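Here's the structure, in structure tokens; my notes come after.
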Amino acid sequence: MKQLTKAEEEVMQILWDLGEANVAAVLDEMPEPKPAYNTVSTIVRILETKTFVGFRKEGRGHIYFPLVKKSDYSSASMSKMVNDYFNGSFKSMVSFFVKKKEMSASELESILKEINKDD
Numbered sequence: 006m007k008q009l010t011k012a013e014e015e016v017m018q019i020l021w022d023l024g025e026a027n028v029a030a031v032l033d034e035m036p037e038p039k040p041a042y043n044t045v046s047t048i049v050r051i052l053e054t055k056t057f058v059g060f061r062k063e064g065r066g067h068i069y070f071p072l073v074k075k076s077d078y079s080s081a082s083m084s085k086m087v088n089d090y091f092n093g094s095f096k097s098m099v100s101f102f103v104k105k106k107e108m109s110a111s112e113l114e115s116i117l118k119e120i121n122k123d124d
């Protein structure tokens, strides 16, 4: 699965949250300072080219909607991160966050319970 830029991910997050929207609605959801309308329109067209977004005509405009599920993109992104930065080792990634004190022992315990629940 193709990786998205930060701007593309921001637009996708909005589309995942809204389900579908025109460019103006996506722009309304963006934080200040808002980019130009043409900038958001260009990002949406790039996402369309990457087959992340589909559209249907409505009046004179288009309504855009996600073609890729958020869970599928999240899974692919996490796998890429684990492979690129932690040599494919989930254990190394968790160890990294624990050592950086960005994960408490109770959070680690909770994660392990979730993992074991799925088995």
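If you want the numbering used here, it's the position in the sequence shown, counting the first as 1, plus 5. For each residue, glycine too, the CB sits at the ideal point set by N, CA and C. Given the structure is predicted, the values throughout are model-derived calculations rather than measurements.
Given A81, which residues of its chain have a CB within under 6 Å of its CB, disregarding the five upstream and five downstream residues?
Within the same chain, A81 has close Cβ partners M6.
If the criterion is Cβ atoms closer than 7 Å, does the pair N121 and I68 meet it?
No, Cβ-Cβ distance for N121 and I68 is not below 7 Å.
For E14, name the three-state secondary structure that DSSP assigns.
DSSP places E14 in helix when its eight states are reduced to three.
Along the chain, where does the alpha helix (DSSP H) that runs through K75 open and close?
Where K75 is concerned, the enclosing alpha helix (DSSP H) stretches over K75 to F91.
By the 10 Å Cβ neighbour count, where 16 or more other Cβ atoms means buried, how is F57 classified, buried or exposed?
The residue in question, F57, is buried, as its Cβ has 16 or more Cβ neighbours within 10 Å.
Quick one: Cα of M108 to Cα of N92, how far?
The alpha-carbon atoms of M108 and N92 are separated by roughly 20 Å.
Given this structure, state the Cα-to-Cα distance separating N88 from I116, to the nearest angstrom.
Going from the Cα of N88 to the Cα of I116 covers about 20 Å.
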